[in-house]
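Trainee: Letter 66 of the sequence shown, counting from 1, is numbered 65 in the numbering used here, and no numbers are missing.
Attaching a single structure in structure tokens format; questions to follow.
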Amino acid sequence: MGRVVAVANQKGGVAKTTTVASLGAAFVVRGLRVLLVDLDPQSSLTFSLGIDPEVGEFSVSDVIRGEVGLTTARLRTSEGMDLVPSTIDLLAAEAMLLPAPQREFVLRRGLEEVLSTYDVVLLDCSPSLGLLTLNALAAADEVLVPLQCEMLSHRGVGQLLDTVADVHRLLNPRLRVRGLLPTMYDKRSTHARAVLGDVKRRYRVPVLNPIPRSVKFAEAPSVGTSIIAADPGSSGARAYFRIADGLLRAWRFGGREVAPGRVSRGVTQLRTSAATDAGGSAGVGGY
Ligand code: ADP
Ligand code: MG
0 MGRVVAVANQ KGGVAKTTTV ASLGAAFVVR GLRVLLVDLD PQSSLTFSLG
50 IDPEVGEFSV SDVIRGEVGL TTARLRTSEG MDLVPSTIDL LAAEAMLLPA
100 PQREFVLRRG LEEVLSTYDV VLLDCSPSLG LLTLNALAAA DEVLVPLQCE
150 MLSHRGVGQL LDTVADVHRL LNPRLRVRGL LPTMYDKRST HARAVLGDVK
200 RRYRVPVLNP IPRSVKFAEA PSVGTSIIAA DPGSSGARAY FRIADGLLRA
250 WRFGGREVAP GRVSRGVTQL RTSAATDAGG SAGVGGY
């Protein structure tokens, strides 16, 4: 059964889409069958993988509306991942969901049809905590949260982790927090290092090894591939390979992850899962 990972943060520009494209491509290189789902009406993932959202016949909106199944809507990208593309229509499809019964489970039902044919499914969330992101969290086994190591840019992370805790309690008891993924990290910057330290102490969830800042990430989408195909030897590509390999190890042998708990108002109710070593949940680095 495919492992479903939601890549979420309601802040824009933190490298959610870059993470989905790069990890997806790294998993393909490792021999996995990978499905990516673009859940952002801005279609950045679709564009960045060389697909024009307007030319495809179907998109994730049609799946959300129940008009076609995922097997009909998916496309094959040049790097070998399958992709369910998005178009600007997704805004209307999300609005249509509002009065629908079981509206948080539409994506999960859609995925059921294909889960047995993939090893990993990555969900690229939009920069909001709206119904599409709730659908992603309700469908996921785990959530990965990219964030930038700048003072103001992790302010929404507590709110996101609270939402994850609520989804875990009310909609999806399987959901786990895989961890925070610092992106665009400049290790020479004292400020970035200080913020990373603060992030590790503050949230009590695993913090994965940072992805370095590099202009190569901005260049890759212009050739319609991830950095993994565009420049596989670059420091950015190697960083994503490390994260992908760490996730694979964690899935096979058990790794650090935490059961969601509310983090706001200074009350931390996070408890470590069975797979977690008891003392090791506070800001531990990983892969
Ligand atoms: P999000 O999906 O969270 O809005 P994106 O993945 O679209 O974020 O990334 C926002 C911008 O940052 C893009 O232009 C992307 O190329 C760039 N970017 C992503 N990761 C890095 C990185 N490690 N170093 C430099 N730029 C990056
Ligand atoms: Mg994005």
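Glycine included, C-beta positions come from ideal geometry on N, C-alpha and C.
Assuming arginine 154 and aspartate 185 form a contact by the criterion Cβ under 8 Å, report the distance between their Cβ atoms to the nearest whole angstrom.
Mentor: Walking along the sequence shown from the start, residue 154 turns up at place 155. Walking along the sequence shown from the start, residue 185 turns up at place 186. At roughly 20 Å, the Cβ-Cβ gap does not stay under 8 Å, so arginine 154 and aspartate 185 are not in contact.
Trainee: Label glutamine 147 either buried or exposed according to how many other C-beta atoms from any shown protein chain fall within 10 Å of its C-beta, with 16 as the threshold for buried.
Mentor: Numbered from its first residue, the sequence shown carries residue 147 at position 148. So glutamine 147 counts as buried.
Trainee: Let me know the secondary structure DSSP gives glutamate 141 once reduced to three states.
Mentor: In the sequence shown, counting from the first residue as 1, residue 141 sits at position 142. In the structure shown, glutamate 141 sits in a strand (DSSP, three-state: E or B).
Trainee: Is proline 231 near the ligand ADP, in the sense that its beta carbon is under 8 Å from a heavy atom of that ligand?
Mentor: To locate residue 231, count along the sequence shown from 1; it is residue 232. Answer for proline 231: no, Cβ out of range of the ligand ADP.
Trainee: Using DSSP with H/G/I as helix, E/B as strand and the rest coil, what is glutamine 9?
Mentor: Your numbering for residue 9 matches position 10 in the sequence shown. It is coil, neither helix nor strand.
Trainee: Please classify proline 100: is it buried, with 16 or more other beta-carbons within 10 angstroms of its beta-carbon, or exposed?
Mentor: Along the sequence shown, read from residue 1 onward, the residue named residue 100 stands at position 101. Flag for proline 100 reads exposed.
Trainee: For a test of the three-state rule: what should DSSP assign to glycine 1, helix, strand or coil?
Mentor: Your numbering for residue 1 matches position 2 in the sequence shown. In this structure, glycine 1 counts as coil in the three-state DSSP scheme.
Trainee: Below 8 Å, how does it come out for the segment 117-131 and the segment 89-108: are there three or more Cβ pairs, yes or no?
Mentor: yes
Trainee: Can you tell me which of Arg102, Val105, Glu103, Asp37 puts its alpha carbon nearest to the alpha carbon of arginine 73?
Mentor: Here residue 73 is taken as the residue at index 74 of the sequence shown, counted from 1. Closest by alpha carbon: Asp37.
Trainee: Using the C-alpha atoms, what's the distance from alanine 138 back to arginine 102?
Mentor: Against the sequence shown, residue 102 aligns to sequence position 103. Against the sequence shown, residue 138 aligns to sequence position 139. Their backbone Cα atoms lie some 12 Å apart in a straight line.
Trainee: Just to confirm before moving on: does the CB-CB distance between proline 52 and proline 84 stay below 9 Å?
Mentor: Here the question's residue 52 lines up with position 53 in the sequence shown. Here the question's residue 84 lines up with position 85 in the sequence shown. Their beta carbons are under 9 Å apart, which means proline 52 touches proline 84 by this criterion.
Trainee: Do aspartate 118 and arginine 251 have their C-beta atoms within less than 9 Å of each other?
Mentor: In the sequence shown, residue 118 corresponds to position 119, counting from 1. In the sequence shown, residue 251 corresponds to position 252, counting from 1. Cβ atoms of aspartate 118 and arginine 251: not closer than 9 Å.
Trainee: Are the beta-carbon atoms of threonine 182 and isoleucine 226 separated by less than 9 Å?
Mentor: One-based indexing of the sequence shown puts residue 182 at position 183. One-based indexing of the sequence shown puts residue 226 at position 227. Going by C-beta atoms, threonine 182 is not nearer than 9 Å to isoleucine 226.
Trainee: Rounded to whole angstroms, what is the Cα-Cα separation between glycine 109 and alanine 24?
Mentor: In the sequence shown, residue 109 corresponds to position 110, counting from 1. In the sequence shown, residue 24 corresponds to position 25, counting from 1. Rounded to the nearest angstrom, the two C-alpha atoms are 23 Å apart.
Trainee: Beta-carbon separation of valine 142 and valine 163 under 9 Å?
Mentor: Here the question's residue 142 lines up with position 143 in the sequence shown. Here the question's residue 163 lines up with position 164 in the sequence shown. Closer than 9 Å, so yes.
Trainee: Quick one: what's got a C-beta closer than 7 Å to glycine 65's C-beta in the same chain, skipping five residues either side?
Mentor: Stepping through the sequence shown from its first residue, residue 65 is reached at position 66. Closer than 7 Å at Cβ, skipping near neighbours: no residue.
Trainee: Where DSSP assigns a beta bridge to proline 181, which residues make up the other side?
Mentor: Position 182 of the sequence shown, counting from 1, holds the residue named residue 181. Within the DSSP secondary-structure output, proline 181 pairs in a beta bridge with Leu146.
Trainee: Measuring straight from C-alpha to C-alpha, what distance separates valine 59 and asparagine 134?
Mentor: Here the question's residue 59 lines up with position 60 in the sequence shown. Here the question's residue 134 lines up with position 135 in the sequence shown. If you draw a straight line from the Cα of valine 59 to the Cα of asparagine 134, it is about 12 Å long.
Trainee: Which stretch, first to last residue, makes up the beta strand (DSSP E) that contains aspartate 123?
Mentor: One-based indexing of the sequence shown puts residue 123 at position 124. Counting along the chain, the beta strand (DSSP E) containing aspartate 123 begins and ends at 119-124.
Trainee: Work out the CA separation of serine 21 and glycine 12 for me, nearest whole Å.
Mentor: Within the sequence shown, numbered from 1, the residue matching residue 12 stands at position 13. Within the sequence shown, numbered from 1, the residue matching residue 21 stands at position 22. Inter-residue distance for glycine 12 and serine 21 is about 15 Å (C-alpha atoms, whole angstroms).
Trainee: Should valine 6 and leucine 122 be called a contact, given that it needs their Cβ atoms to be closer than 9 Å?
Mentor: Translated into positions along the sequence shown, residue 6 becomes position 7. Translated into positions along the sequence shown, residue 122 becomes position 123. Yes, the pair counts as a contact, with Cβ atoms nearer than the cut-off.
Trainee: For alanine 249, which option in Asp230, Arg201, Gly178, Ala191 has the closest C-alpha, if you only look at C-alpha atoms?
Mentor: Within the sequence shown, numbered from 1, the residue matching residue 249 stands at position 250. For alanine 249, the nearest C-alpha among the options comes from Gly178.
Trainee: Compute the minimum distance between the beta carbon of serine 42 and the heavy atoms of the ligand ADP, and state whether it is under 8 Å.
Mentor: Residue mapping note: residue 42 aligns to position 43 of the sequence shown, counting from 1. Because no heavy atom of the ligand ADP lies under 8 Å away, the Cβ of serine 42 does not count as near it: no.
Trainee: In the DSSP assignment, what are the bridge partners of leucine 38?
Mentor: Locating residue 38 in the sequence shown gives position 39, counting from the first residue. Per DSSP, Cys124.
Trainee: Which parts of the segment 37-121 are runs of the beta strand (DSSP E), unbroken and 3 residues or longer, counting only runs that do not cross its ends?
Mentor: Complete beta strand (DSSP E) runs here, min 3: 81-83.
Trainee: Candidates Thr116, Ala238, Val144, Arg168: which alpha carbon is nearest glycine 157's?
Mentor: As a first step, residue 157 must be located in the sequence shown, where it is residue number 158. It is Val144.
Trainee: Consult DSSP for alanine 25 and reduce its assignment to one of helix, strand or coil.
Mentor: For the purposes of this step, residue 25 is taken as residue 26 along the sequence shown, with counting starting at 1. Looking at alanine 25 - three-state DSSP - the assignment turns out to be helix.
Trainee: Could you check whether threonine 16 and arginine 180 sit closer than 9 Å to each other, using their CB atoms as the reference points?
Mentor: In the sequence shown, counting from the first residue as 1, residue 180 sits at position 181. In the sequence shown, counting from the first residue as 1, residue 16 sits at position 17. At residue 180 the sequence reads leucine, which differs from the arginine that was named. No; because the gap between Cβ atoms is not below 9 Å, this pair is not in contact.
Trainee: Comparing alpha-carbon positions, which option in Gly245, Asp244, Gly49, Lys215 lies nearest proline 231?
Mentor: Counting from one through the sequence shown, the residue named residue 231 turns up at place 232. The shortest C-alpha separation from proline 231 is found at Lys215.
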